[in-house]
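In order, the protein sequence lines correspond to chains V and C. If you use this note's numbering, the first sequence corresponds to residues 1 to 327, in order. If you use this note's numbering, the second sequence corresponds to residues 1 to 327, in order. Even glycine gets a Cβ: it sits at the ideal position worked out from N, Cα and C.
Number of protein chains: 2
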Amino acid sequence: MKIRIGIAGYGNLGKGVECSIMQNADTELVGIFTRRPPESVKTVTNAKVYNINDLLDFKDKIDVLIICGGSATDLPVQTPEFAKSFNVVDSFDTHAKIPQHFENVDAAAKQSGKIAMISVGWDPGMFSLSRLYAGAILPLGNDYTFWGKGVSQGHSDAIRRIDGVLDAKQYTIPVDDALDAVRSGTNPELTTRQKHIRECFVVACEGADLNKIEQEIKTMPNYFADYDTIVHFISQDELTKNHSGIPHGGFVIRSGKTGINGENNHIIEYSLKLDSNPEFTASVLVAFARAAYKMNKEGMCGCKTVFDVPPSYLSPKAPEELRKNLL
Amino acid sequence: MKIRIGIAGYGNLGKGVECSIMQNADTELVGIFTRRPPESVKTVTNAKVYNINDLLDFKDKIDVLIICGGSATDLPVQTPEFAKSFNVVDSFDTHAKIPQHFENVDAAAKQSGKIAMISVGWDPGMFSLSRLYAGAILPLGNDYTFWGKGVSQGHSDAIRRIDGVLDAKQYTIPVDDALDAVRSGTNPELTTRQKHIRECFVVACEGADLNKIEQEIKTMPNYFADYDTIVHFISQDELTKNHSGIPHGGFVIRSGKTGINGENNHIIEYSLKLDSNPEFTASVLVAFARAAYKMNKEGMCGCKTVFDVPPSYLSPKAPEELRKNLL
């Protein structure tokens, strides 16, 4: 009686979910659903691959569908659509559009009587939970979120679009002095520039004007202009050899005061250091898929976020065991 | 329509709850209930003080009773007793006895239809939550919990019981090398001695044999024998001046692997740096009192722990606001 999981979409995130299911003895993978010709897809674990158009045939064979599409165009369409027939989990991460996505998905899931868990991952996701818990405990205080050291796909893509650039990888790096200032409890006000550095590894075309590329990167609005940016030009071989990973991570810190005159300071810090951003995100998705399954079995339905899930639902262990060994 | 809170027991923890209620605009303090003569108790905020024997008169005037007694003898009796008439929250922290305490309290709270939230604080409490979340996300991995730097009341008391000792304060200090080893992802096996140092500040009677006291501390079974222990003899003035605070804190780290061959490593770390252990614990109690109130209003009853509480219940903010601003 394992939890039967389907994966919709098979990029890095879908592969991560496939691997995570192997680590969770109470889950099993029913199949991977893709827009590509199924026979063209080689899976990590030899999982079965189906055309996404056949998904509805699996209505009674899948307990939870984990949707691994992109937030820009896939999830706004797929999550409400698939929630009509399945319990679903997605990692929708366009923060500003979460309320709208919630409304769309909630309507669909309430009508079908399914659970649709959105914006699961680490930010939004575990970082959001840290902000919620810490803020509820220390109402007088400030939140600080730092990202990195890690690869920003969006910033890497932006560099690649510059004339004369063949390939690029951008790392977002939190500034140690800013982290130390926050941890000291002084509640500093920090500018964008003070919080993060951007470090870029760029492969240029032969004969390209490197100074021009560097200036174009450093002055790019929204992406780089507000930051101290470091640009290195390297060979494609070096980029492939040393910068092929997708690490990420970051820090959520709350600094707050207690006591009748606010005389005592407290620092709550949650941090992640991840070798593989997609595999970690996938692991969070599978834990929340377990919760979605349990919540739906208890009769709950509608759109949910990480804020709505009793933590015990995430674990395969019985409540008694959790109280005995983890509390 | 604030949440009306009562405090049972008025030591450092009770005072912390009193201060925390002042910071939370949706809560109000009905009164403090004590075994001492009420008129002898001076409160921090001029709150009303009542004899604990009059508690039942407040059955309809208190929404949640926060029980601030000790885990050794107070809470095992008080929590099940008071749960017969009130929603209650306690900070029961004798880890090994939690299952028994849960059973006793659950029976009482189910009969009364109230919520009884036990073992709330930071360990058990927020540290337990960190262990649960991290273990659910990374099933292949190891948990590490470090405590400190902070004052251990139990160890300080143990030193004070030695002949020739007037006063003492003991700090538990995590070993930096051990923390670094854990954070490196090597999943080290660490002995008790490798994880923590114990540093003691001792005021001896005039003419006492300091060598003998130091040996007695360092060889004390359970408390110090398994640790590297540092003993400083200082004056009462110095102890009062430099060691009157009750700081504490610690680290919960999970190191786990993902990927088809476990090739990627991940570190999840939660840490606390607290100027006042009781005031922070009190702040956690008040947040969970809010949750207890909401859960009971929705018709839930019985014994609950931090594992059972949907995080959104801890916040005074509406779910829409949480999704918009924190997710």
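| query | result |
| --- | --- |
| Neighbour-count burial assignment, Val30 (chain C), 16 or more Cβ in a 10 Å radius | buried |
| Neighbour flag for Phe353 (chain V) against chain C, beta carbons, 8 angstroms | Lying before the first or after the last residue shown, residue 353 (chain V) is absent from chain V, which here runs from 1 to 327. |
| Chain-ordered chain V contacts of Asn264 (chain C) [CB-CB under 7 angstroms] | Asp275, Ser276, Glu279 |
| Opposing strand residues paired with Ser328 (chain C) [DSSP bridges] | With chain C covering only 1 through 327, there is no way to say anything about residue 328 (chain C). |
| Simplified DSSP assignment, three categories, for Ala158 (chain V) | helix |
| Chain V within 8 angstroms of Ala136 (chain C), Cβ atoms only | yes |
| Nearest-angstrom beta carbon gap, Val17 (chain C) and Leu285 (chain C) [assumed within contact, 8 angstroms] | 6 angstroms |
| Simplified DSSP state of Ile260 (chain V), which is helix, strand or coil | coil |
| DSSP-derived helix/strand/coil call for Ser152 (chain V) | coil |
| Chain C within 8 angstroms of Lys324 (chain V), Cβ atoms only | yes |
| Asn24 (chain V): contacting residues in chain C (beta-carbon distance under 8 angstroms) | Pro139 |
| As assigned by DSSP and simplified to three states, the class of Arg192 (chain C) | With the sequence shown as reference, residue 192 (chain C) is identified as Thr, and Arg is not the correct amino acid for it. The answer is helix: DSSP assigns Thr192 (chain C) an H, G or I state. |
| Below-8 angstroms beta-carbon distance, Arg131 (chain C) vs any chain V residue | yes |
| At least three beta-carbon pairs within less than 8 angstroms, the segment 154-162 of chain C to the segment 126-134 of chain C | no |
| Short CB-CB distance (under 8 angstroms) between Ser271 (chain V) and chain C | yes |
| Pair within 8 angstroms by beta-carbon distance, Ile115 (chain V) and Gly164 (chain V) | no |
| Cβ-based burial, Gly245 (chain V) [other Cβ within 10 Å; buried from 16] | exposed |
| Residue-level contact to chain B via CB, Glu320 (chain V), 8 angstroms cutoff | Absent from the structure is chain B; the protein chains it does hold are V and C. |
| Status (buried if at least 16 other CB within 10 Å, exposed otherwise) for Cys205 (chain C) | exposed |
| is_contact[Leu327 (chain C), chain V] using C-beta, thresh 8 angstroms | yes |
| Whole-number beta carbon distance between Val88 (chain V) and Phe82 (chain V), since they are thought to touch under 8 angstroms | 5 angstroms |
| Chain C within 8 angstroms of Val120 (chain V), Cβ atoms only | no |
| For Ile67 (chain C) and Gly148 (chain C), believed in contact at Cβ under 8 angstroms, the rounded distance | Actually they do not touch by this definition, with Cβ atoms about 27 angstroms apart. |
| Nearest residue (CA-CA) to Asp226 (chain C), options C:Gln194, C:Leu210, C:Val252 | C:Gln194 |
| Cutoff 8 angstroms: Cys19 (chain C) Cβ touching any chain V Cβ | yes |
| Chain V within 8 angstroms of Phe102 (chain C), Cβ atoms only | yes |
| Local Cβ density within 10 Å of Gly11 (chain V), reported as buried at 16 or more and exposed below that | exposed |
| Terminal residues of the alpha helix (DSSP H) in which Cys19 (chain C) lies | 12-23 |
| In chain order, each alpha helix (DSSP H) run of at least 4 residues that lies wholly inside the segment 40-87 of chain C | 74-82 |
| Where the beta strand (DSSP E) through Met117 (chain V) begins and ends | 115-117 |
| Element boundaries [beta strand (DSSP E), containing Asn346 (chain V)] | This structure does not reach residue 346 (chain V), given that chain V is present from 1 up to 327, and the question cannot be answered. |
| Counted within 10 angstroms of its Cβ, other Cβ atoms place Asp275 (chain V) as buried (16 or more) or exposed | buried |
| Span separating the alpha-carbon of Phe329 (chain V) from that of Asn277 (chain C) | As displayed, chain V neither begins before 1 nor continues past 327, which places residue 329 (chain V) out of reach and without an answer. |
| 8 angstroms contact criterion, which Val182 (chain C) and Ile253 (chain C) should meet: CB distance rounded | 5 angstroms |
| Residues near His243 (chain C) in its chain [Cβ-Cβ closer than 7 angstroms; skip 5 each side] | Lys169, Phe201 |
| Assigned exposure category for Arg203 (chain C) - 16 Cβ within 10 Å defines buried | Strictly speaking, residue 203 (chain C) in this sequence is Val, with Arg absent from that position. It is buried - the Cβ of Val203 (chain C) has at least 16 other Cβ atoms within 10 Å. |
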